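To start, the structure under review is shown below, and the notes come after it.
2 protein chains.
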Amino acid sequence: MQTRLVEYFLALEREGHFARAAAHCNVSQPTLSAGIVTLETQLGKRLIRRDRKYAGLTAEGEAILPWARQLVAAAEALGQAAETARGPLKGELRLGAIPAAMPAIGCLVAAMQARHPGLNVSIRALTSRQIERDLAAFELDAGLTYLDFEPPAHALSVPLYVERTMLVSAVDGVAVPDPLDWAGLAILPLCLLHQGMQNRRILDARLAERGLALRPLVTADSYVALLGLVQQGRLCSIIPDSHATLLDGLSWARTHAMPQADEGSRVGVIVSDSAPMGPLAQAVLGVARELRLPQGFRTG
Amino acid sequence: MQTRLVEYFLALEREGHFARAAAHCNVSQPTLSAGIVTLETQLGKRLIRRDRKYAGLTAEGEAILPWARQLVAAAEALGQAAETARGPLKGELRLGAIPAAMPAIGCLVAAMQARHPGLNVSIRALTSRQIERDLAAFELDAGLTYLDFEPPAHALSVPLYVERTMLVSAVDGVAVPDPLDWAGLAILPLCLLHQGMQNRRILDARLAERGLALRPLVTADSYVALLGLVQQGRLCSIIPDSHATLLDGLSWARTHAMPQADEGSRVGVIVSDSAPMGPLAQAVLGVARELRLPQGFRTG
DNA sequence: TATGCCTTATAGAGCATAGCTATCAAGGGA
DNA sequence: TCCCTTGATAGCTATGCTCTATAAGGCATA
Chain A
1 MQTRLVEYFL ALEREGHFAR AAAHCNVSQP TLSAGIVTLE TQLGKRLIRR
51 DRKYAGLTAE GEAILPWARQ LVAAAEALGQ AAETARGPLK GELRLGAIPA
101 AMPAIGCLVA AMQARHPGLN VSIRALTSRQ IERDLAAFEL DAGLTYLDFE
151 PPAHALSVPL YVERTMLVSA VDGVAVPDPL DWAGLAILPL CLLHQGMQNR
201 RILDARLAER GLALRPLVTA DSYVALLGLV QQGRLCSIIP DSHATLLDGL
251 SWARTHAMPQ ADEGSRVGVI VSDSAPMGPL AQAVLGVARE LRLPQGFRTG
Chain B
1001 MQTRLVEYFL ALEREGHFAR AAAHCNVSQP TLSAGIVTLE TQLGKRLIRR
1051 DRKYAGLTAE GEAILPWARQ LVAAAEALGQ AAETARGPLK GELRLGAIPA
1101 AMPAIGCLVA AMQARHPGLN VSIRALTSRQ IERDLAAFEL DAGLTYLDFE
1151 PPAHALSVPL YVERTMLVSA VDGVAVPDPL DWAGLAILPL CLLHQGMQNR
1201 RILDARLAER GLALRPLVTA DSYVALLGLV QQGRLCSIIP DSHATLLDGL
1251 SWARTHAMPQ ADEGSRVGVI VSDSAPMGPL AQAVLGVARE LRLPQGFRTG
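What follows is the structure, given as structure tokens:
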């Protein structure tokens, strides 16, 4: 069983295109094409549906997909383990983080690189569900996400901090009642994350408990976009307090406590709980356990 | 990364001998020797300590051992998944079972082969600790063992039956008091399993709670050996009631209830809980869940 | 209808590598 | 000293992966 051929298969599944998959694997198109045929011959099944162009996987192809991913992940882990049997880690650490946790990721990455200077880090902003999915598909080494809501199966986690939310408005913008109650919040002109995003789902759930619903005038998928909207003065937004550090120097922004000191949402590092655990995952968990976040991140 | 070379490495680690490892891999000794060198070159580390003969693994070799096992297990699982994407399983199912559970393994295997006619099954009698170790090393697909004592981590289980023990003696052998109490048990001439075996540890623990200890005159590692000793008439033994079915036709044997209806020990199937779960493990769990054991195996 | 492009498969050559047999070198024991 | 065990080396063969070049089928457009 050639790991290389399985990589061809996975690249083809990702790209949906022979030539692009070949380029991604740094081989020629005929090489990848022949490699797929070889793999199909060795396994005794057709994996790809073709009618003059790529047309998805066969049922057998879909069936072996998880095992193919595990195989290349295992090969990768073996190389990592050999390279780092002693001494610092090398290679690339693939991190996924929810947007709300982005302010914290700098601390985590800095701590990782302090411990392992040769390590490259690749950060992707993802939804919590994408993080879960990509961890299972071995396309991420670790994730930074919520620990309490719909926690993924087969995952180990280390809590880092508790996120609370706050309302932010422009100094010369809409008037925010003080103190703010839930009903008052619901009638404010708001811009929020898209409805599918977990942070938004949590917020919606809190209001739904009280029979209220938010009707944001604008939705976006990034807090930077929300802050840009707030800066215009016409809207308010609700953002995690971890972003407060980013707002410290902003003269135009004003923050308000949310209607009720909510219990907060635990945010932490998760890795796939496979046996044995890869060296990268081990390292991330180890660093996360010892991590001390700066002021502005509450731990309980 | 060549799966083949990693198999060479694992075979060498198991056999501790280049030529034997090569024979086990169905290749010549120089081939395996060169394969190890190639693997060491690709990984950039020496894996084997050599001074004119095999002298164990280096630290790096030990470090990558779990990942090497996972890699070949993943390759194996990929082949299995492709072969059995639809239709019955093929290949070899490697089962480990504690001696006490051997009478039940026939039912499990029969049910597996009824569902998957092409499946070969290889059964090994092992201690519960060996089962746990070999599952982690991907050298077993499933185990039949105790579920309640020192359950292994990273394992999924399905309970099958509850094992209770009974005393067995020869009809014309030593007199057994009726009813039997713990103190009376302790002074009987007994033959039992070796002290390290888990069934024996459980029994010893039960007596230790009452300040008693068994001093068997003979110990063995198989119930057949114990029954042979009992047949001589001089000794009694304590065996699981699952063996009662085997004694049904024996005129020379007499069974006695143990001093106290003990709570019994749950026995069931365990598989390694890795993601994704191999097709063999899935099949064993599925069959075990639907398995109906015959009379003589209590389920609660 | 003809042309051109996009996509995948095929052909043939070159090279790397894994396999074999035969043999050698270094210890260890009789 | 001789012989056996153990692993490494040499030389050769065969397999097979990779490349470039090209063919073939479909689709859009002139």
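Going down the list, the protein sequences come from chains A and B. Just so it is clear: in the first sequence, position 269 is 269 by this note's numbering, and no numbers are missing. Add 1000 to the 1-based position in the second sequence for this note's numbering, that's all there is to it. Glycine included, every Cβ here is placed at the ideal spot set by N, Cα and C. Since the structure is predicted, the reported quantities are computational estimates derived from the model, not experimental observations.
Check your understanding: Exposed or buried, which one is B/Q1198 when buried takes at least 16 other CB atoms within 10 Å?
Key -> Burial of B/Q1198 is indicated by the presence of at least 16 other C-beta atoms within 10 angstroms of its C-beta.
Point to revise | Short Cβ contact (8 Å threshold) for A/P159 with A/R298 | key: One thing to note: A/P159 has its Cβ no nearer than 8 Å to the Cβ of A/R298.
Review point. Are the beta-carbon atoms of A/L285 and A/L156 separated by less than 8 Å?
Key: The Cβ atoms of A/L285 and A/L156 lie closer than 8 Å to each other.
Check your understanding: Using a Cβ-Cβ cut-off of 8 Å (strictly less than) and excluding sequence neighbours within five positions of B/L1180, which residues of its own chain qualify?
Key -> For B/L1180, where only same-chain residues beyond five positions count, the Cβ hits under 8 Å are L1167, H1256, A1257, M1258 and P1259.
Exercise for review: Let me know the beta strand (DSSP E) ranges lying completely inside the stretch 146 to 194 of chain A, each 3 residues or longer, listed in chain order.
Suggested key: As far as the stretch 146 to 194 of chain A is concerned, its whole beta strand (DSSP E) runs of at least 3 residues are 155 to 163, 165 to 170 and 190 to 193.
Review point. Which term fits B/Q1232, buried or exposed, when burial requires 16 or more other beta carbons within 10 angstroms of its beta carbon?
Key: By the Cβ neighbour-count rule, B/Q1232 is exposed, with fewer than 16 other Cβ atoms within 10 Å of its own.
Point to revise | Rounded C-alpha distance that separates B/E1013 from A/R52 | key: Between B/E1013 and A/R52, the C-alpha separation is close to 48 Å.
Check your understanding: Excluding sequence positions up to five away, which residues of its chain have a Cβ less than 7 Å from the Cβ of B/W1252?
Key -> Same-chain partners within the cutoff: A1170, V1171 and Q1231.
Check your understanding: Among A/C191, A/A281, A/Q295 and A/R289, which residue has its Cα nearest to the Cα of A/E139?
Key -> Proximity to A/E139 across A/C191, A/A281, A/Q295 and A/R289 peaks at A/A281, based on C-alpha coordinates.
Check your understanding: Does B/P1066 come within less than 8 Å of chain A when only Cβ atoms are used?
Key -> B/P1066 has a beta carbon lying within less than 8 Å of a beta carbon in chain A.
Review point. Under 8 Å between C-beta atoms, does A/R115 make it to chain B?
Key: Taking Cβ atoms only, chain B never reaches closer than 8 Å to A/R115, which makes this a no.
Check your understanding: Taking Cβ positions only, does B/P1177 come closer than 8 Å to chain A?
Key -> For B/P1177, the answer is no, since every Cβ of chain A falls outside 8 Å of its Cβ.
**Study point:** Whole-angstrom C-beta distance between B/G1264 and B/E1163, which should lie under 8 Å
**Key:** Yes, B/E1163 and B/G1264 are in contact; Cβ-Cβ is about 6 Å, under 8 Å.
Check your understanding: For B/S1274 and chain A, any beta-carbon pair shorter than 8 Å?
Key -> Put simply, the CB of B/S1274 is near chain A, with a gap under 8 Å to one of its CB atoms.
Exercise for review: Note down, in chain order, all residues in the stretch 47 to 79 of chain A with a beta-carbon under 7 Å from any beta-carbon belonging to chain B.
Suggested key: Residues passing the 7 Å Cβ filter: A59, E60, A63, I64, P66, W67, A68, Q70, L71, A74, A75, A77, L78 and G79.
Check your understanding: What residue ranges within the stretch 1031 to 1095 of chain B form continuous beta strand (DSSP E) runs of no fewer than 3 residues, ordered along the chain?
Key -> Annotation note: the stretch 1031 to 1095 of chain B contains the following uninterrupted beta strand (DSSP E) runs of length 3 or greater, listed N- to C-terminal: 1048 to 1050 and 1054 to 1057.
Practice item. Per DSSP, which residues does B/Q1231 bridge with? Please list them. Key: DSSP, once it has assigned bridges, lists no residue as partnering B/Q1231.
Check your understanding: Skipping 5 residues on each side, what residues in its chain have a beta carbon closer than 6 Å to that of B/Q1130?
Key -> Excluding positions up to five away in sequence, the list is empty.
Exercise for review: Out of B/V1224, B/P1189, B/H1243 and B/P1240, point me to the one whose CA is closest to B/V1218's CA.
Suggested key: Each of B/V1224, B/P1189, B/H1243 and B/P1240 was checked against the Cα of B/V1218, and the nearest Cα belongs to B/P1189.
Exercise for review: Give every residue of the same chain whose Cβ lies closer than 6 Å to the Cβ of A/L93, excluding the five residues on either side of it in the sequence, and list them in chain order.
Suggested key: In its chain, beyond the 5 residues on either side, L119, V121, D141 and L280 have a beta carbon closer than 6 Å to the beta carbon of A/L93.
Check your understanding: With DSSP run on the structure shown, which of helix, strand or coil describes B/A1257?
Key -> DSSP places B/A1257 in strand when its eight states are reduced to three.
Point to revise | Spatial distance of A/L229 from A/L192 (CA atoms) | key: Using only the alpha carbons, I get a separation of about 10 Å.
Point to revise | Which residues DSSP lists as bridging B/Q1002, in chain order | key: A/Q2, per the DSSP bridge assignment.
Review point. Taking the Cβ atom as the reference point for each residue, do B/L981 and B/G1096 lie within a distance shorter than 8 Å?
Key: Chain B is shown only over 1001 to 1300; residue 981 of chain B falls outside these bounds and no answer can be derived.
Point to revise | Whole-Å CB distance - B/A1059 paired with A/A85, under 8 Å assumed | key: A/A85 and B/A1059 do touch by the CB rule: their CB atoms are close to 6 Å apart, below 8 Å.
Review point. At a CB-CB cut-off below 9 Å, which residues of chain B make contact with A/E83?
Key: Near A/E83 (Cβ distances below 9 Å), the residues of chain B are L1043, G1044 and K1045.
Exercise for review: Assuming A/L39 and A/F9 form a contact by the criterion Cβ under 8 Å, report the distance between their Cβ atoms to the nearest whole angstrom.
Suggested key: Confirmed, about 6 Å.
Check your understanding: Apart from the five residues on each side of it in sequence, which residues of its chain come closer than 8 Å, Cβ to Cβ, to A/A213?
Key -> The residues A186, D204 and L207, in chain order, have a CB closer than 8 Å to that of A/A213 in the same chain once the five nearest residues on each side in sequence are set aside.
Point to revise | Within-8 Å CB hit, B/A1281 to chain A | key: Closer than 8 Å: no.
**Study point:** A/G143 to A/V269 span [Cα, whole Å]
**Key:** Going by the C-alpha atoms only, they are around 6 Å apart.
Exercise for review: Please list, in chain order, all residues of the same chain as A/L154 whose beta carbon is under 8 Å from its beta carbon, the five residues on each side excluded.
Suggested key: In the sequence under discussion, the amino acid at residue 154 of chain A is His, which differs from the Leu named in the question. Closer than 8 Å at Cβ, skipping near neighbours: A136, S272, D273 and S274.
Point to revise | Nearest-angstrom beta carbon gap, A/A74 and B/W1182 [assumed within contact, 8 Å] | key: Their Cβ separation, rounded to whole angstroms, is 51 Å, which puts B/W1182 and A/A74 out of contact at 8 Å.
**Study point:** Residue environment, B/D1241, which counts as buried when at least 16 other CB atoms sit within 10 Å
**Key:** Under this definition B/D1241 is a buried residue.
Check your understanding: Where B/A1175 and B/G1211 are concerned, what is the direct C-alpha to C-alpha distance, given to the nearest angstrom?
Key -> Roughly 24 Å between the two C-alpha positions.
Check your understanding: Does the beta carbon of A/T3 come closer than 8 Å to any beta carbon on chain B?
Key -> Yes, contact with chain B.
Review point. Does the beta carbon of A/R86 come closer than 8 Å to any beta carbon on chain B?
Key: Interface residue, yes.
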